[in-house]
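Note sheet for the following structure.
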Amino acid sequence: MQSPPPPGESQVDRAEVVLLALRRHYGDRYAIHHNGDLWVATDRSPSGLTTPTIIEPDLEAFVAALEAPGQRFARPFPPEPSHP
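Going by our numbering, the sequence shown opens with residue 23, and the numbers climb by one from there.
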């Protein structure tokens, strides 16, 4: 059992600590979020060749998918034309 935090300090949620660690490790490639039930990562590269979005309810499965993302099924969006 954890002891309560000292007066004046808030108790940090475990999910928040994990989320910060995941963002620190994978944040250059993915935007990572947690909504309480699901872990979600969106690839920052619009032209990436791997799964653009990873959604898992289980943290271990989520990290495994971040380490070895699946292949993208559709072609990435074409670049937007530049207008003179």
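Glycine included, each C-beta is placed from N, C-alpha and C at the ideal position.
Note that this is a predicted model, so its numbers are computed, not measured.
Residue Ser69 holds the alpha-carbon nearest to the alpha-carbon of Phe95 among Ser69, His56, Arg36, Asp35. In the three-state DSSP reduction, Glu78 falls in the strand class (E or B).
By a beta-carbon distance limit of 8 Å, Asp65 contacts Thr72. Their separation comes to about 7 Å.
The alpha-carbon of Gln93 is positioned some 19 Å away from that of Glu82. For His47, the enclosing alpha helix (DSSP H) stretches over residues 36–48.
In the three-state reduction of the DSSP assignment, Ala63 falls in the strand class. Residues of the same chain with a CB within less than 6 Å of the CB of Phe84, apart from the 5 flanking positions on each side, are Trp61, Glu78 in chain order. Secondary structure at Ala90: coil, using DSSP grouped into helix, strand and coil.
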